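A short worksheet on the structure shown next.
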Amino acid sequence: MAVVSMNELLRPAFDERYGVPAFNIVNDLTMAAVLEAAVQSNSPVIVQVSVKTVKMFGAKLLQKMFEEMASRAPIPATLHLDHCPDVPMIKTCLDAGWNSVLFDASKLTYEDNLRQTREVVAMARKVGAAVEGELEAVRGVEDGIGSDVEGGIVPLDKCVEFLEQTGIDSFAPAIGTAHGLYKSAPKINFERVREIVTAFPVPIVLHGGTGLSDDVFKRLIAEGCAKVNVSTMLKITYCDAYREYLDAKPQERDPLKVMASVKDKLVPMVKGFMEIFGCVGKAEMAVHTHG
Ligand SMILES: [Zn+2]
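With this note's numbering, the residue at position 210 of the sequence shown is 210, and numbering never jumps.
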């Protein structure tokens, strides 16, 4: 099974209303932990990578690492580039065999976003990859990209026009969620997800998953959020796990032991989100759509 297209994961999730988690991995250890959690949960999973991480390791190495690890995992997985405003970098990832990209043109005008997203979709189609599109900036800064100021909301008819004319495979509208940690309880716009999928049935992407309540996740997934992004919680779990282990054992000098203990903290964290998102046991769904 192993590596599948983004649409093979998202279409059944959207139809059945469960969420496929997308975790922003930062290296081999976190990639392995995310895949292991998916295997233990018999869940589909999206291995997602931020631009900053791609710049550190290179698109080709990350793709090879993913392909090798995913080929050994008996669950469907796909490799996705998160928030990328840079078309040459998107091309580099697509050429390296990535399965999906988020073209983040939310800083451009509507017309420029539409035109450039269409170009990115055409580029992705040539290699059988998927494109996530974004019209409004998701609040909060993610790895140096974004802003704390909430952008304007694009009217529904313009959203539908954007979806029709770009042909994007999934859509990330601003729905009140934010990157990073929430300083106060977010005001979630459930109605907006419903309006968009009613007008145009496209899998919606939920950004800023860290810190939302189980209830908010479940309601948003029921409305049509089929891809659920979690980044901050992985970073926190990863760093805290190192800190706690080394604080408790300051004389430890065996890196493999430290890494194993960090992985032991990551796997249950990922599995916990899978429980909430309703994707546990859904690994076979992606295969069925494949025919
Ligand atoms: Zn995001």
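Heads up, the beta-carbon is just placed ideally off N, CA and C, and yes, glycines get one too. It should be emphasised that the depicted structure is a prediction, and the values quoted were computed from it without experimental measurement.
Practice item. Specify, as a first and last residue, the run of the beta strand (DSSP E) that Gln-48 falls within. Key: 45 to 49
Review point. Regarding His-80 and ligand 1, is the C-beta to nearest heavy atom distance less than 6 Å?
Key: no
Practice item. Below 8 Å CB to CB, which residues in the same chain sit around Gly-281 once its five sequence neighbours on both sides are set aside? Key: Ser-41, Asn-42, Ser-43
Exercise for review: Give a yes or no on contact between the region 201 to 214 and the region 242 to 260, applying the rule of three or more CB pairs nearer than 8 Å.
Suggested key: no
Review point. Among Lys-218, Val-26, Ser-5, Val-121, which one has its Cα closest to the Cα of Ile-236?
Key: Val-26
Review point. Taking 6 Å as the cut-off, is the CB of Val-138 close to at least one heavy atom of ligand 1?
Key: yes
Point to revise | Which of helix, strand or coil DSSP assigns to Pro-21 | key: Strand.
Practice item. Output the residue ranges of the alpha helix (DSSP H) runs that lie fully inside the region 115 to 178 and measure 4 residues or longer, sorted by chain position. Key: 156 to 166
Review point. What did DSSP end up calling Val-202 once you bin it into helix, strand or coil?
Key: In the structure shown, Val-202 sits in coil (DSSP, three-state: anything other than H, G, I, E or B).
Point to revise | Where Val-280 sits in the DSSP three-state scheme | key: coil
Practice item. Assuming Ala-33 and Val-270 form a contact by the criterion Cβ under 8 Å, report the distance between their Cβ atoms to the nearest whole angstrom. Key: 7 Å
Point to revise | Given Val-124 as reference, the closest of Ala-222, Leu-81, Ser-71 once Cα atoms are compared | key: Contrary to the premise, residue 124 reads as Ala rather than Val in this sequence. Among Ala-222, Leu-81, Ser-71, the Cα nearest to that of Ala-124 belongs to Leu-81.
Review point. For Glu-8, is the classification buried or exposed, using 16 other Cβ atoms within 10 angstroms of its Cβ as the cut-off for buried?
Key: buried
Practice item. Using the Cα positions of Lys-187 and Gly-176, report the straight-line distance between them to the nearest angstrom. Key: 6 Å
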